[in-house]
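These notes are about the structure you will find just below.
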Amino acid sequence: MQYPVSRGYSTSQITLHWVIVALVFFQLVFGDAMSHSLRAIGRGEAVDPSVATQATLHIWVGFAILAAVAIRIVLRLTKGAPPLPDGSAIVALLARLTHAAFYFLLVAMPVTGILAYWRPARARQARLHRADRPACGGGAVAPVLAARRPADADAQAGRLNSRLPSPPPRN
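If you read the sequence shown in the working numbering, its first letter stands for residue -15, the second for the next number, and so on.
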């Protein structure tokens, strides 16, 4: 399939790129709230309202990333991309593979998150969702940011925020 070639990225492509960057950064910073919430629910404990709010935002931002990436792919297919600079064929191949890997992760992370949350057999999808995180930069960023959280985040009392969507009942 031949894609259109452009002289540069369009304003909509550039804007969408930076919106996705900001959304992914948000997920890396606040993604632990989802894990804390699900662990507390699994143990039958109450979830702190602020943690539940962050978990809710994590879910909705994940949906936003998935939608933004779908739009970005459509824009890429319709408006094209500038050609790679002249150079080594190996460098060009690595550039294409890296770009494809980013698109794969930008789709795989929200999809595995959705599966981990709403599927009854969550454990496998949850492990897969968390395993992708270091590849997206969470392995470098999250520990530094998590150190600023209270040590007893899991033990904080509170009720699960009603805005946190409920998974379907297990059969």
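By construction, the Cβ of each residue, glycine as well, lies at the ideal position given by its N, Cα and C atoms. Treat the numbers as computed from the prediction; the structure is a model and nothing was measured.
8 angstroms Cβ shell around residue i - same chain, five flanking residues per side excluded
{"i": "residue 194", "result": "Since the first residue shown for the chain is -15 and the last is 155, residue 194 is missing from the structure and cannot be characterised."}
{"i": "residue 46", "result": "11, 93, 94, 97 and 98"}
{"i": "residue 59", "result": "-6, -4, -3 and 0"}
Per-residue DSSP class, three states only, for residue i
{"i": "residue 79", "result": "helix"}
{"i": "residue 65", "result": "strand"}
{"i": "residue 162", "result": "Missing from the structure shown is residue 162; the chain here goes from -15 to 155 and no further."}
{"i": "residue 31", "result": "coil"}
{"i": "residue 21", "result": "helix"}
{"i": "residue 60", "result": "helix"}
{"i": "residue 70", "result": "coil"}
{"i": "residue 97", "result": "helix"}
{"i": "residue 15", "result": "coil"}
Own chain, CB closer than 7 angstroms to residue i, minus 5 neighbours either side, in chain order
{"i": "residue 41", "result": "14"}
{"i": "residue 38", "result": "14 and 17"}
{"i": "residue 68", "result": "76 and 79"}
CB-CB length for residue i against residue j, believed under 8 angstroms
{"i": "residue 52", "j": "residue 4", "result": "5 angstroms"}
Close-in-space but distant-in-sequence residues of the same chain around residue i (CB under 6 angstroms, 5 per side omitted)
{"i": "residue 56", "result": "0"}
{"i": "residue 133", "result": "Its pLDDT being 36, under 50, residue 133 is placed unreliably in this model, and the value from its coordinates should be taken loosely. If we look at residue 133 and ignore the five residues flanking it on each side, it has no Cβ neighbours."}
Residue i: CB within 7 angstroms of a non-hydrogen atom of the ligand ATP
{"i": "residue 77", "result": "Absence of the ligand ATP from the depicted structure is noted, as is the absence of any ligand whatsoever, leaving it without description."}
For the stretch 48 to 57 against the stretch 71 to 78, are there 3 or more C-beta pairs whose distance is under 8 angstroms? no
Any contact between the stretch 19 to 30 and the stretch 83 to 92? By contact I mean 3 or more CB pairs, one from each, below 8 angstroms. no
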